[in-house]
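In the working numbering, the protein residues as written are 303 to 670.
Structure, rendered in structure tokens:
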């Protein structure tokens, strides 16, 4: 993370109506893939100009080419196909759309379509502006492979979990290498698995299955670190930990305390982007487990509500976090993206940019 720029966003932005319309027309066969790509390119170009104008150091494509924050990337691996389930994820207040995946063979990561997507953003870099790529974490991919009925099919292809973990890590390592060669220097792994396993409701649903928090945490830690082991030396890998973000609804709740000794102490990332916008995330105390060579981006401004936070209240919370992490290793962002899925959260584009401006303003006030 740049010491000069203390404000960031997680990655996704609200999709313009024109983009949603173009994607629907493409799905219905009314426009070609090139026609959709042309609309995406133009709107992403506009978005990047806005990110620069609003004072952001990292630029992204806003995830404008995706339906989901995670599945579109997973569908890009070899050996994976897009399916629709008979149910979505059950969030608090709403059920998500029903996309998922199924293995058609062994997993590999070469020639991923996100490489070209990144190259488009890369061309807009300039002094003080860097293109960042966001993708779901290896642990998130592993979890999706065992979601609902997917597990039975996954076991047909990979009867052995160790082989599956190794192939996932290898596929990600291939992607890391190829995107680094495309010019990427900062990659963000988005990961809801940790937020899921700290939720008491999740464990009630797992009663009698033999799973334990320690087992799950060690498995997620293993697949993430195994993938990161193979990264190019010049590639910085960060992670964003979330409890779900869909149409302003959340999926899970629970403090970081149970997973902090695994996630904060042992995951080999450079920076943690952490959801801390309400009481569901618990206290800052688990940050004491973050090792001295790592940074923390505090997600203190919510994307789930249009209500603008109080500047002084956010600064006061930064000072509370400073009891556990020195200010020099702290940064500020919203807790998650504005549109983790294309439906987006319940706020306007104007309200979205007001949130970004607040983050930038606070960062300048706190860090200078």
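Every residue, glycine too, gets a C-beta built ideally from N, C-alpha and C.
Quickly, what does DSSP pair residue i with across the bridge? List them, please.
{"i": "residue 643", "result": "370"}
{"i": "residue 433", "result": "361"}
{"i": "residue 539", "result": "489"}
{"i": "residue 403", "result": "384"}
{"i": "residue 446", "result": "Residue 446 pairs with nothing; no bridge assigned."}
{"i": "residue 410", "result": "380"}
{"i": "residue 392", "result": "397"}
{"i": "residue 548", "result": "551"}
{"i": "residue 309", "result": "634"}
{"i": "residue 438", "result": "492"}
Could you give the residue range of the beta strand (DSSP E) that holds residue i?
{"i": "residue 384", "result": "380 to 386"}
{"i": "residue 636", "result": "632 to 636"}
{"i": "residue 574", "result": "573 to 577"}
{"i": "residue 597", "result": "597 to 603"}
Give the straight-line distance between the Cα atoms of residue i and residue j, rounded to the nearest whole angstrom.
{"i": "residue 415", "j": "residue 593", "result": "35 Å"}
{"i": "residue 663", "j": "residue 355", "result": "13 Å"}
{"i": "residue 474", "j": "residue 411", "result": "6 Å"}
{"i": "residue 444", "j": "residue 494", "result": "12 Å"}
{"i": "residue 563", "j": "residue 513", "result": "18 Å"}
{"i": "residue 291", "j": "residue 388", "result": "Look at the range of the chain in this structure, 303 to 670, and you will see that residue 291 is not part of it."}
{"i": "residue 577", "j": "residue 423", "result": "26 Å"}
{"i": "residue 358", "j": "residue 454", "result": "44 Å"}
{"i": "residue 583", "j": "residue 539", "result": "23 Å"}
{"i": "residue 428", "j": "residue 537", "result": "18 Å"}
{"i": "residue 430", "j": "residue 535", "result": "21 Å"}
{"i": "residue 450", "j": "residue 566", "result": "29 Å"}
{"i": "residue 653", "j": "residue 544", "result": "21 Å"}
{"i": "residue 418", "j": "residue 517", "result": "37 Å"}
{"i": "residue 626", "j": "residue 585", "result": "11 Å"}
{"i": "residue 329", "j": "residue 335", "result": "10 Å"}
{"i": "residue 456", "j": "residue 609", "result": "43 Å"}
{"i": "residue 590", "j": "residue 559", "result": "10 Å"}
{"i": "residue 346", "j": "residue 326", "result": "17 Å"}
{"i": "residue 632", "j": "residue 665", "result": "10 Å"}
{"i": "residue 484", "j": "residue 511", "result": "43 Å"}
{"i": "residue 629", "j": "residue 305", "result": "11 Å"}
Check for me: the alpha helix (DSSP H) holding residue i runs from which residue to which?
{"i": "residue 481", "result": "463 to 483"}
{"i": "residue 418", "result": "416 to 424"}
{"i": "residue 323", "result": "319 to 329"}
{"i": "residue 676", "result": "Only positions 303 to 670 of the chain appear in the structure, and residue 676 is not among them; the question remains open."}
{"i": "residue 533", "result": "That residue, residue 533, is in no alpha helix (DSSP H); it is neither H nor E in DSSP."}
{"i": "residue 622", "result": "613 to 623"}
{"i": "residue 338", "result": "335 to 355"}
{"i": "residue 428", "result": "Looking at the DSSP string, residue 428 is not in any alpha helix (DSSP H), and its letter there is neither H nor E."}
{"i": "residue 563", "result": "562 to 568"}
{"i": "residue 459", "result": "452 to 459"}
{"i": "residue 495", "result": "495 to 499"}
Does the ligand PLP have a heavy atom nearer than 7 Å to the CB of residue i?
{"i": "residue 361", "result": "By its list of ligands, the structure shown contains no ligand whatsoever, and the ligand PLP lies outside what it can speak to."}
Please look up how many angstroms separate the CB atoms of residue i and residue j, rounded, as I've assumed it's under 8 Å.
{"i": "residue 603", "j": "residue 579", "result": "7 Å"}
{"i": "residue 438", "j": "residue 372", "result": "4 Å"}
{"i": "residue 446", "j": "residue 403", "result": "6 Å"}
{"i": "residue 381", "j": "residue 406", "result": "6 Å"}
{"i": "residue 660", "j": "residue 624", "result": "Going by Cβ atoms, the distance from residue 660 to residue 624 rounds to 19 Å, so no, they are not a contact pair."}
{"i": "residue 501", "j": "residue 556", "result": "5 Å"}
{"i": "residue 561", "j": "residue 496", "result": "5 Å"}
{"i": "residue 333", "j": "residue 319", "result": "Going by Cβ atoms, the distance from residue 333 to residue 319 rounds to 15 Å, so no, they are not a contact pair."}
{"i": "residue 396", "j": "residue 551", "result": "5 Å"}
{"i": "residue 426", "j": "residue 350", "result": "5 Å"}
{"i": "residue 435", "j": "residue 420", "result": "5 Å"}
So which of the options has the shortest CA-CA distance to residue i?
{"i": "residue 570", "options": "533, 343, 605, 587", "result": "533"}
{"i": "residue 365", "options": "413, 332, 337, 316", "result": "316"}
{"i": "residue 613", "options": "449, 587, 455, 658", "result": "658"}
{"i": "residue 467", "options": "653, 421, 409, 597", "result": "409"}
{"i": "residue 469", "options": "525, 670, 484", "result": "525"}
{"i": "residue 308", "options": "650, 504, 636", "result": "636"}
{"i": "residue 647", "options": "606, 305, 351", "result": "606"}
{"i": "residue 374", "options": "654, 655, 652, 642", "result": "642"}
{"i": "residue 244", "options": "600, 626, 419, 522", "result": "Residue 244 lies beyond the range of the chain shown here (303 to 670); nothing can be said about it."}
{"i": "residue 621", "options": "639, 638, 600", "result": "600"}
{"i": "residue 615", "options": "348, 668, 324, 656", "result": "668"}
{"i": "residue 638", "options": "472, 310, 306", "result": "310"}
{"i": "residue 399", "options": "511, 670, 306, 645", "result": "645"}
{"i": "residue 487", "options": "350, 362, 457, 550", "result": "362"}
{"i": "residue 554", "options": "504, 632, 527, 590", "result": "504"}
{"i": "residue 547", "options": "304, 303, 313, 345", "result": "313"}
{"i": "residue 649", "options": "618, 384, 472, 549", "result": "549"}
{"i": "residue 385", "options": "340, 392, 376", "result": "376"}
Taking 8 Å as the threshold (beta carbon to beta carbon), is residue i in contact with chain E?
{"i": "residue 646", "result": "Of the protein chains in this structure there is only one, and it is not chain E."}
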